[in-house]
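**Q** If you read the protein sequences in the order shown, they are chains Y and H. Numbering of the first sequence is given in this note's numbering, commencing with residue 20 and proceeding in unit increments. Numbering of the second sequence is given in this note's numbering, commencing with residue 20 and proceeding in unit increments. Every residue gets a Cβ at the ideal spot worked out from N, C-alpha and C, and that includes glycine. The structure's right below; bear with me while I get my questions together.
Number of protein chains: 2
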Amino acid sequence: MERELLLLGLLRQGAMHGYQLNDFIERNLAFCTDLKKSTAYVLLDKLQARGWVTMQEARAGNRPHKRVYSLTAAGEDAFQRLLRENLGEFVAAKTGSDIGLAFIDALPKREALRLLNRRRAALAEQLTEFESAPQHQGSYQLLIDHQLNYLRCELEWLSQVIARMQSRRVPLRRGSARA
Amino acid sequence: MERELLLLGLLRQGAMHGYQLNDFIERNLAFCTDLKKSTAYVLLDKLQARGWVTMQEARAGNRPHKRVYSLTAAGEDAFQRLLRENLGEFVAAKTGSDIGLAFIDALPKREALRLLNRRRAALAEQLTEFESAPQHQGSYQLLIDHQLNYLRCELEWLSQVIARMQSRRVPLRRGSARA
DNA sequence: TTTTCCATGTAACTCGTTACATGATTTC
DNA sequence: GAAATCATGTAACGAGTTACATGGAAAA
């Protein structure tokens with residue numbers, strides 16, 4: 020119901036057509052949702068089928084036909100319900116690429132470090148990019164703060180892991196020189 | 020390729036049948052993957068079709084037939100490739116329930132706080148549960164550390180958000196008493 | 001003897017993506 | 001006249017889940 024909540028929330032601020040919604044999401048919320056454009060159109064149909072929004076064909080001047088959606092009373096109810104549900108529970112984020120860490124011992128230490136450093140670089144870059152993004156207004160800034168917090172924590176943790184790995188002695192092999 | 024990497028990595032430590040794999044995952048890795056049992060069986064078929072594992076029917080005593088899978092050389096190659104790919108890149112985790120925050124202003128402050136406190140409680144509980152889990156060995160502990168780090172960061176951030184929201188004055192309405 | 005554990009699957013379904021299709025209008 | 005923007009969709013596909021189906025053995 021994440022995506023539904025998003026669409027309902029946006030429509031709450033005024034009637035919009037699909038293209039507008041997609042545009043807004045792409046410009047402002049790309050970092051926190053991966054909703055695709057096609058999906059949004061399909062979703063709007065479903066919201067309509069549920070009676071949460073109504074649609075009205077419109078055409079401004081000679082521009083292509085638009086389908087403008089507005090929230091219904093039932094839609095506002097649904098929004099309120101979904102929002103409360105969403106805010107009141109905690110769902111841990113799914114890490115995209117964690118399990119690799121479980122098998123890091125399968126690589127020579129040198130290479131493991133090289134890879135982790137590359138990972139850290141990618142992370143750091145993402146963070147920098149994010150930090151230089153312009154401030155948003157109101158609660159949207161909360162989302163950005165959250166993401167920033169997440170990225171910073173990840174970076175710090177990863178740095179620690181690398182440091183720990185670097186300082187650990189290479190396991191001695193039989194026959195290696197020993198002081 | 021996350022799931023494939025996981026299965027290959029486990030099979031690398033020795034031949035296993037599906038039930039064993041599922042069991043291990045459920046007991047030890049439930050927090051970092053949501054691989055379902057049925058999916059695992061299907062996946063093993065696919066790994067076999069790709070030549071990454073071989074299967075051998077076995078039966079111990081009168082127990083039900085088992086299909087024991089072992090890694091092939093091609094499977095080891097695939098594992099090495101997938102592991103490097105996985106470790107070398109950073110993929111931000113997908114937050115399960117973030118967008119609600121963008122619309123938190125839609126609720127009266129009181130209720131918003133009540134919900135966020137509930138969210139924090141759920142988070143704190145998850146963290147406690149996790150902290151009391153037994154230590155794992157080797158790199159698996161890395162996964163647990165990662166999750167712990169994540170949960171702690173989330174908890175701290177959420178607490179800050181709540182604190183900020185609490186200390187902010189309620190917006191005055193027209194006609195409210197003013198000092 | 002009933003429940004739990006061992007052990008494996010299939011079929012239908014859901015959700016979402018990708019690629020494709022369409023067509024007008026404004027800008028270069 | 002070409003390209004970008006505006007505007008909406010559909011059909012095929014893919015990944016994964018759910019619910020269901022099966023059946024023997026061990027434990028309670």
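Determine the chain Y residues that contact residue 7 of chain H at a beta-carbon separation under 7 Å, and present them in chain order.
**A** Lying outside 20 to 198, the shown extent of chain H, residue 7 of chain H is not represented and no answer is given.
**Q** Using 8 Å as the cut-off, can you tell me whether the segment 133-150 of chain Y makes contact with the segment 154-161 of chain H, which would need three or more C-beta pairs spanning the two stretches below that distance?
**A** Output reads no: the segment 154-161 of chain H does not touch the segment 133-150 of chain Y.
**Q** From which residue to which residue does the alpha helix (DSSP H) around residue 156 of chain Y run?
**A** For the purposes of this step, residue 156 of chain Y is taken as residue 137 along the first sequence, with counting starting at 1. Taken as a continuous stretch (DSSP letters only), residue 156 of chain Y belongs to no alpha helix (DSSP H), as it is neither H nor E.
**Q** Going along the chain, which residues of its own chain have a beta-carbon closer than 7 Å to the beta-carbon of residue 185 of chain H, five neighbours each way excluded?
**A** Start at 1 with the first residue of the second sequence, and residue 185 of chain H comes out as number 166. So the qualifying residues of the chain are 132.
**Q** Confirm, please, whether the CB-CB distance from residue 54 of chain Y to residue 22 of chain Y is below 8 Å.
**A** As a first step, residue 22 of chain Y is located in the first sequence; it is residue number 3 there, counting from the start. As a first step, residue 54 of chain Y is located in the first sequence; it is residue number 35 there, counting from the start. Result yes, Cβ atoms of residue 22 of chain Y and residue 54 of chain Y sit closer than 8 Å.
**Q** Where does residue 20 of chain Y fall in DSSP's three states?
**A** Along the first sequence, one-based indexing puts residue 20 of chain Y at 1. Residue 20 of chain Y falls in the coil class under three-state DSSP.
**Q** Do residue 30 of chain Y and residue 90 of chain Y have their beta-carbon atoms positioned less than 8 Å apart in this structure?
**A** Reading the first sequence from its first residue, position 71 is the one you call residue 90 of chain Y. Reading the first sequence from its first residue, position 11 is the one you call residue 30 of chain Y. Cβ distance < 8 Å, so residue 90 of chain Y and residue 30 of chain Y count as in contact.
**Q** In three-state DSSP terms, what is residue 113 of chain Y?
**A** The residue given as residue 113 of chain Y occupies position 94 in the first sequence. The answer is strand: DSSP assigns residue 113 of chain Y an E or B state.
**Q** Just checking: is the beta-carbon of residue 33 of chain H within a distance shorter than 8 Å of some beta-carbon in chain Y?
**A** Taking the first residue of the second sequence as position 1, residue 33 of chain H is located at position 14. No, no contact with chain Y.
**Q** Which residues in chain H sit within 7 Å of residue 168 of chain Y, going by Cβ to Cβ distance?
**A** Taking the first sequence and counting its residues from 1, one reaches residue 168 of chain Y at position 149. Simply 172 and 176.
**Q** Using CA coordinates, which residue listed in H:45, H:50, H:68 and H:51 is at the minimum distance from residue 57 of chain H?
**A** Position 38 of the second sequence holds residue 57 of chain H. Taking only the C-alpha atoms, the option nearest residue 57 of chain H is H:45.
**Q** Kindly list, in the order they appear in chain Y, the residues whose Cβ is closer than 9 Å to that of residue 145 of chain H.
**A** Reading the second sequence from its first residue, position 126 is the one you call residue 145 of chain H. Correct list: 109 and 111.
**Q** Which chain Y residues are close to residue 132 of chain H, counting only those with a beta carbon under 8 Å from its beta carbon?
**A** Taking the first residue of the second sequence as 1, we reach residue 132 of chain H at position 113. Those do not exist, as residue 132 of chain H stays about 10 Å from chain Y at its closest Cβ, beyond 8 Å.
**Q** Skipping 5 residues on each side, what residues in its chain have a beta carbon closer than 6 Å to that of residue 36 of chain H?
**A** For the purposes of this step, residue 36 of chain H is taken as residue 17 along the second sequence, with counting starting at 1. Counting only Cβ-Cβ distances below 6 Å, and skipping sequence neighbours, we find 85, 86 and 87.
**Q** Chain H beta carbons: is any one of them nearer than 8 Å to that of residue 43 of chain Y?
**A** Against the first sequence, residue 43 of chain Y aligns to sequence position 24. Not one chain H Cβ lies under 8 Å of residue 43 of chain Y.
**Q** Grouping DSSP H, G and I as helix and E and B as strand, with all else coil, what is residue 36 of chain Y?
**A** In the first sequence, the residue the question calls residue 36 of chain Y occupies position 17. Strand.
**Q** What's the C-alpha gap between residue 124 of chain Y and residue 158 of chain H?
**A** By 1-based counting over the first sequence, the position of residue 124 of chain Y is 105. By 1-based counting over the second sequence, the position of residue 158 of chain H is 139. Taking the straight line joining both Cα atoms gives about 7 Å.
**Q** Just mark residue 43 of chain H as buried or exposed, buried being the case when its beta carbon has 16 or more other beta carbons within 10 Å.
**A** The residue given as residue 43 of chain H occupies position 24 in the second sequence. Result: exposed.
**Q** Let me confirm a value: residue 114 of chain H is counted as buried when at least 16 other C-beta atoms fall within 10 Å, else exposed. Which label applies?
**A** Position 95 of the second sequence, counting from 1, holds the residue named residue 114 of chain H. Residue 114 of chain H should be labelled buried.
**Q** Taking residue 170 of chain H as the reference, give the member of H:28, H:39, H:51 and H:38 with the closest Cα.
**A** Taking the second sequence and counting its residues from 1, one reaches residue 170 of chain H at position 151. It is H:51.
**Q** Would you mind telling me which residues of chain H sit closer than 9 Å to residue 180 of chain Y, beta carbon to beta carbon, in chain order?
**A** As a first step, residue 180 of chain Y must be located in the first sequence, where it is residue number 161. By Cβ distance, chain H contributes 161, 164 and 165.
**Q** In chain order, what residues of the same chain have a beta carbon less than 7 Å from the beta carbon of residue 102 of chain Y, not counting five sequence neighbours either side?
**A** In the first sequence, counting from the first residue as 1, residue 102 of chain Y sits at position 83. Taken in chain order, the residues that qualify are 24.
**Q** Taking 8 Å as the limit between beta carbons, can you name the residues of its chain near residue 49 of chain H, skipping five residues before and five after?
**A** For the purposes of this step, residue 49 of chain H is taken as the residue at position 30 of the second sequence. The answer is none, since no qualifying residue turns up.
**Q** Output the distance between the C-alpha atoms of residue 109 of chain H and residue 173 of chain Y, rounded to the nearest integer angstrom.
**A** As a position in the second sequence, residue 109 of chain H is number 90, starting the count at 1. As a position in the first sequence, residue 173 of chain Y is number 154, starting the count at 1. Whole-angstrom Cα-Cα distance: 10 Å.
**Q** Rounded C-beta distance between residue 138 of chain H and residue 107 of chain Y? I'm assuming under 8 Å.
**A** Residue 138 of chain H sits at position 119 when you count from the first residue of the second sequence. Residue 107 of chain Y sits at position 88 when you count from the first residue of the first sequence. Residue 138 of chain H to residue 107 of chain Y, Cβ: 6 Å. Contact.
**Q** For residue 94 of chain Y, is the classification buried or exposed, using 16 other Cβ atoms within 10 angstroms of its Cβ as the cut-off for buried?
**A** In the first sequence, counting from the first residue as 1, residue 94 of chain Y sits at position 75. Answer is buried; the Cβ neighbour count reaches 16.
**Q** Within its chain, find whatever has a CB closer than 8 Å to the CB of residue 77 of chain Y; leave out the 5 residues flanking it on each side and keep chain order.
**A** Against the first sequence, residue 77 of chain Y aligns to sequence position 58. So the list reads 36, 84, 85, 86 and 87, once near-sequence residues are dropped.
**Q** Excluding the 5 residues preceding and the 5 following residue 177 of chain H in the sequence, name in chain order all residues of the same chain whose CB lies nearer than 6 Å to its CB.
**A** Numbered from 1 along the second sequence, position 158 holds the residue referred to as residue 177 of chain H. Once the five neighbours on either side are set aside, the close Cβ partners of residue 177 of chain H are 139.
**Q** Whole angstroms are fine: how far does the CA of residue 146 of chain Y sit from the CA of residue 27 of chain Y?
**A** Here residue 27 of chain Y refers to the residue found at position 8 of the first sequence. Here residue 146 of chain Y refers to the residue found at position 127 of the first sequence. Answer to the nearest angstrom: the Cα atoms are 30 Å apart.
**Q** Have a look at the DSSP bridge pairing and note the partners of residue 76 of chain Y.
**A** Numbered from its first residue, the first sequence carries residue 76 of chain Y at position 57. Residue 76 of chain Y is bridged to Y:86.
**Q** Residue 162 of chain Y: which of Y:47, Y:71, Y:98 and Y:59 sits nearest, CA to CA?
**A** By one-based count along the first sequence, residue 162 of chain Y stands at place 143. Among Y:47, Y:71, Y:98 and Y:59, the Cα nearest to that of residue 162 of chain Y is on Y:47.
**Q** Examine chain Y for any beta-carbon lying closer than 8 Å to the beta-carbon of residue 97 of chain H, and answer yes or no.
**A** Your numbering for residue 97 of chain H matches position 78 in the second sequence. Answer no: the Cβ-Cβ gap between residue 97 of chain H and chain Y never drops below 8 Å.
**Q** Residues in the same chain with beta-carbon distance under 6 Å from residue 198 of chain Y, minus the five sequence neighbours each way, listed in chain order, please.
**A** Here residue 198 of chain Y is taken as the residue at index 179 of the first sequence, counted from 1. Annotation note: pLDDT 38 at residue 198 of chain Y (below 50); position unreliable, no value reported.
**Q** For chain H, check one thing: does any of its Cβ atoms lie closer than 8 Å to the Cβ of residue 103 of chain Y?
**A** Locating residue 103 of chain Y in the first sequence gives position 84, counting from the first residue. Yes - at least one Cβ of chain H is within 8 Å of the one on residue 103 of chain Y.
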